[in-house]
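K.L.:
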Amino acid sequence: MFRPITLLLNKLTDSINRSLSKGQPQEHQFSKEEFKTMLAIAGHEGALNEIETSRLEGVINFENLKVKDVDTTPRINVTAFASNATYEEVYETVMNKPYTRYPVYEGDIDNIIGVFHSKYLLAWSNKKEDQITNYSAKPLFVNEHNKAEWVLRKMTISRKHLAIVLDEFGGTEAIVSHEDLIEELLGMEIEDEMDKKEKEKLSQQQIQFQQRKNRNVSI
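Letter 144 of the sequence shown, counting from 1, is numbered 143 in numbering that gives the first Met the number 0, and no numbers are missing.
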């Protein structure tokens with residue numbers, strides 16, 4: 000994932016070193032501000048195109064960002080399920096608002112106890128009396144003041160694609176996805192192969208659910 004960024008950094012650094020050293024080895028270590036200035040010059044001079052410049056600027060600035068600076072999904076826009084939600088209720092919501100993951104709460108959204116992945120809806124359909132918590136993963140909580148870089152690393156290590164962002168009082172402020180952080184890092188919206196696979200899975204699940212529903216109606 001980060002290999003293109005590394006190549007861009009190497010490209011810029013090598014170009015700058017050649018320009019300044021004229022073939023002689025350099026001992027000077029550039030500060031971040033110097034690097035940003037040289038990045039602007041490289042973009043202006045055409046050494047880097049607009050996309051490369053934007054991505055490198057994102058990398059340079061990312062370490063200073065906090066979660067609250069990232070384009071997260073605020074609680075008012077979060078689609079979540081109550082812990083006592085029935086299979087039918089969840090099914091209807093997933094069909095109408097087809098996301099990959101949904102927070103699960105007990106009482107209210109300030110008390111999130113799990114994250115439901117829509118891929119488990121098919122398995123749940125075989126035992127509809129089960130609780131949604133039987134198919135939910137443990138949530139990852141982060142603070143809105145945490146460094147975005149730290150959260151991205153934590154999510155990657157723990158293999159979590161969604162984190163619950165808490166405010167200063169411990170309530171739910173927002174949710175942030177792994178993709179949100181990557182987009183902030185790159186300075187642009189992305190749609191990688193994982194996105195495509197997730198969308199394909201959701202589409203396949205919707206077809207399977209509808210086929211099963213039609214069979215039940217026929218019977």
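Note that beta-carbon positions come from the ideal geometry of N, C-alpha and C, so glycine has one too.
Is DSSP giving Lys118 helix, strand or coil here?
P.N.:
Note: Lys118 maps to helix in three-state DSSP.
K.L.:
With 16 as the cutoff for other CB atoms within 10 Å, does Arg100 come out buried or exposed?
P.N.:
buried
K.L.:
Alpha carbons only, please: which of Thr72, Glu62 and Val89 is nearest the one belonging to Asp129?
P.N.:
Val89
K.L.:
Give me, in chain order, the residues of the same chain whose beta-carbon lies closer than 8 Å to that of Glu143; leave out the 5 immediate sequence neighbours on both sides.
P.N.:
Lys65, Val66, Lys67, Val164, Leu165, Asp166, Glu167, Glu172 and Ala173
K.L.:
Can you look up Ala147 in the DSSP assignment and give me helix, strand or coil?
P.N.:
helix
K.L.:
Terminal residues of the continuous alpha helix (DSSP H) containing Val175?
P.N.:
Element bounds for Val175: not the alpha helix (DSSP H) but the beta strand (DSSP E), Thr171 to Ser176.
K.L.:
Take the Cβ of Leu120 as the centre, count every other Cβ of all protein chains shown within 10 Å, and call the residue buried at 16 or more, exposed below.
P.N.:
buried
K.L.:
Which residue wins for smallest C-alpha separation from Asn225, given the options Glu148, Leu185 and Pro102?
P.N.:
Here the chain comprises residues numbered 0 to 218, so residue 225 is not present and cannot be evaluated.
K.L.:
Using a Cβ-based criterion (distance less than 7 Å to any ligand heavy atom), does Val141 qualify as near the ligand NAP?
P.N.:
As presented, the structure is devoid of all ligands, the ligand NAP included, so that no description of it is given.
K.L.:
Could you tell me the distance, in whole angstroms, from the CA atom of Glu91 to the CA atom of Lys137?
P.N.:
Going from the Cα of Glu91 to the Cα of Lys137 covers about 23 Å.
K.L.:
Should Ser157 go down as buried or exposed, given a rule of 16 or more other Cβ atoms within 10 Å for buried?
P.N.:
exposed
K.L.:
Reducing DSSP to helix, strand and coil, say where Val216 ends up.
P.N.:
For Val216, the predicted structure reports a pLDDT of 46, less than 50, and the residue's modelled location is therefore unreliable. A value from the coordinates is still provided. Collapsing the DSSP output to three states places Val216 in a helix.
K.L.:
Helix, strand or coil, according to DSSP, for Phe61 in the structure here?
P.N.:
helix
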